[in-house]
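Using my numbering, the first residue of the sequence shown is number 57, and each one after it goes up by one.
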Amino acid sequence: MVELKSPAEIARMRVTGAFVADVLAGVRERAVVGVNLLDLELYVRDRIAERGAVSCYWDYAPSFGRGPFRNTVCLSVNDAVLHGLPFDYVLRDGDVLTADLAVTIDGWAADAAITTVAGTPDPEDLRLIRATEEALAAAVAAARPGNRIGDVSAAIEAVARAAGYPVNTEYGGHGIGRTMHEDLHIPNAGRPGRGYPLRPGLTIAIEPWFARTTDRIVTDPDGWTIRSADGSRTAHTEHTVAVTAEGPEILTAARTGGA
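Structure follows, in structure tokens:
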């Protein structure tokens, strides 16, 4: 069942979203050559504990994973794009890192992801990251009353196709609110004018992710980390968005002064 949120409930999600955005900004700042992924996990874990937030990932055990997830942030490197388990790995010059974070504060969730480069970036990696960011911006713009989920999905697909990137539809966006994953799947490709109608109060996580040269994925033996099937570099960008009468509002937008 899709639950529409009141303005007061969206305001509470906005608090969580500001915190998620601030922690991810801290991860971006710390994702430099020589840093260990486990140090980034500990940074996120400490921030969550200090705020009194609750990780949506810790003990998460969906049907597609292997056992409960025992970390507070997904960290995916290079050809890994989703659900990356933090492990004993030191970032090298040019590594592409995706950080995906979801928490609840006072019972309300927010979910966001960023992709960044440690050290010297490959121009093609920057182009890929920009494509996910542009796809997200286009999708957010489409998330307004009167449109449908298909309009959001089609906006993502259009940016990917124009940039020459294939699109995988196995994993995409989702409803969010009281929990990290609520009803509504938002694939990264679709047909305009189709799907669930967008109404004020709907809160969704939109998350375009692309690989350079394939739409196929494989899963690591850890049962979680998802990679491009051909080993090509990947990127993933995500925001939690509220549909309002005035238009879309990004609840996980970066804010000055932290949260």
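Using N, Cα and C, we set each Cβ at its ideal position, and we do this for glycine too.
With DSSP as the reference, label residue i as helix, strand or coil.
i: residue 95; result: helix
i: residue 320; result: Limits of the chain in this structure are 57 at one end and 315 at the other, which puts residue 320 out of reach.
i: residue 86; result: helix
i: residue 187; result: helix
i: residue 206; result: helix
i: residue 151; result: coil
i: residue 297; result: strand
i: residue 71; result: helix
i: residue 314; result: With a pLDDT of 39 at residue 314, under the threshold of 50, the modelled position of this residue cannot be trusted; read the value that follows with caution. Here residue 314 sits in coil by DSSP.
i: residue 58; result: coil
i: residue 146; result: strand
i: residue 194; result: helix
i: residue 181; result: helix
i: residue 226; result: coil
i: residue 103; result: helix
i: residue 211; result: helix
i: residue 247; result: coil
On the DSSP bridge list, what partners appear for residue i?
i: residue 231; result: 238, 260
i: residue 76; result: In the DSSP output, where bridge partners are listed per residue, residue 76 has none listed.
i: residue 273; result: 284
i: residue 139; result: Bridge partners of residue 139: none, in fact.
i: residue 330; result: This structure gives no information on residue 330, because the portion of the chain shown stretches from 57 to 315.
i: residue 253; result: 204
i: residue 161; result: 164
i: residue 116; result: 125
Compare the Cα-Cα distances from residue i to each of the options and report the closest residue.
i: residue 148; options: 284, 90, 267; result: 90
i: residue 268; options: 252, 279, 285; result: 285
i: residue 87; options: 225, 154, 166; result: 154
i: residue 188; options: 171, 176, 198; result: 171
i: residue 271; options: 64, 261, 244; result: 244
i: residue 320; options: 190, 258, 137; result: Any answer about residue 320 is impossible in this case: the structure gives the chain only from 57 up to 315.
i: residue 71; options: 256, 264, 233, 134; result: 233
i: residue 111; options: 230, 124, 145; result: 124
i: residue 60; options: 266, 257, 139; result: 257
i: residue 144; options: 169, 151, 176, 97; result: 97
Grab the span of the beta strand (DSSP E) containing residue i for me, first residue to last.
i: residue 305; result: 303–306
i: residue 125; result: Note, residue 125: premise wrong, no beta strand (DSSP E); not H, not E.
i: residue 267; result: 265–267
i: residue 291; result: 290–292
Would you call the region 272–286 in contact with the region 294–312, where contact means no fewer than 3 C-beta pairs closer than 8 Å? No, they do not touch.
Counting pairs of beta carbons, one from the region 239–251 and one from the region 204–218, are three or more of them closer than 8 Å? For the pair of segments examined, the region 239–251 was found to touch the region 204–218: the number of CB pairs separated by less than 8 Å reaches three.
How about the region 94–113 and the region 123–133: do they share at least three Cβ pairs that are nearer than 8 Å? Between the region 94–113 and the region 123–133, the count of Cβ pairs shorter than 8 Å is three or higher; the stretches touch.
Is the region 168–182 in contact with the region 219–230, if contact means three or more CB pairs nearer than 8 Å? No, because fewer than three Cβ pairs between the region 168–182 and the region 219–230 fall closer than 8 Å, the two stretches do not touch.
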